[in-house]
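Each residue of the sequence shown is one higher than the one before, counting from 3 in the numbering used here. Cβ coordinates follow ideal geometry from the N, Cα and C atoms, glycine included. Presented below is the structure to which this report refers.
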Amino acid sequence: MKKYNIREKLEEFIGLLKSGKIEVYNEFSFQHELGYFLRNQLKQHPGDFKIQFERNFKDIFDLSDDEIDGRFGTKKVRKKEIDISIFQGPVNLASIELKFPRNGQVPESMYSFVKDVKFLEGLTSSKNKKSINMFSKGFFICLVDDSLFYQGGSKKDGIYEYFRRKEKNVRICKETKKPTGKNTESEEYTIRLNKEYMG
């Protein structure tokens, strides 16, 4: 039997969304429809697979406070719950973070996207690659139905540049400052990634 490929299944789910065969109307429905889809897919494969929602990473990993700070950043930018976790027996197979912003707040939502990427870095990185305190894979999926996320508007610099590029691909820099409010220059609100991402 073919090995279970999570990325392929995620792409299949996105195809079902595009075709209208699956409908999502907010982030909660997105999370649950995807979890339901993955759980049904996993039933067709041998192995002790498990899907869980909103698990606190501290319930899964045994990390010191210093390790948490090093992997997940400051408390101001740190998430706690994993949207969807996939396990195969004792193996932390994959962590999935989802976004489907519905209430405007474009720059803050973009900042929240980068927070999720930082969280996934922490979930999937460890100095010891055989560590049980990490997931094998991490995925970030964002749905938007507001064109201000990827075009339009007068702002094209800062966080807007990540998502409103002429080349139509996303580029997330290693350092992201909070885009609005009184903490835009605050170090504790600055997200520092391990690398730059293109997508």
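* CB contact flag (residue 195, residue 123, <8 Å) -> Yes.
* Check each candidate in 33, 66, 90, 69 and name the one with the smallest Cα separation from residue 7. => 90
* Since residue 135 contacts residue 65 with CB under 8 Å, what's their CB separation in whole angstroms? -> 6 Å
* In whole angstroms, what separates the C-alpha of residue 106 from that of residue 27? -> 15 Å
* Asked: If we ignore side chains and look at the alpha-carbon of each, how far apart do residue 189 and residue 148 end up?
  -> 30 Å
* Asked: Are the Cβ atoms of residue 103 and residue 181 separated by less than 8 Å?
  -> no
* To do: Enumerate, from N- to C-terminal direction, the unbroken beta strand (DSSP E) stretches of 3 or more residues contained entirely within the region 42-72.
  => As far as the region 42-72 is concerned, its whole beta strand (DSSP E) runs of at least 3 residues are 51-58.
* Just to check, is the beta-carbon of residue 136 closer than 7 Å to a non-hydrogen atom of the ligand PLP? -> The model depicted lacks the ligand PLP and carries no ligand whatsoever.
* Mark residue 38 as exposed unless 16 or more other C-beta atoms lie within 10 angstroms of its C-beta, in which case mark it buried. => exposed
* residue 16 in three-state terms, based on DSSP -> helix
* Does the beta-carbon distance from residue 36 to residue 15 come in below 8 Å? -> yes
* Helix, strand or coil for residue 148 per DSSP? -> Coil.
* To do: Under 6 Å Cβ to Cβ from residue 3, same chain only, skipping five residues before and after it: list those, please.
  => In this prediction, residue 3 has a pLDDT of 40, which is less than 50 and means its spatial position is unreliable; what the coordinates show is noted afterwards. Nothing listed; no residue qualifies.
* Asked: According to DSSP, is residue 24 helix, strand or coil?
  -> coil
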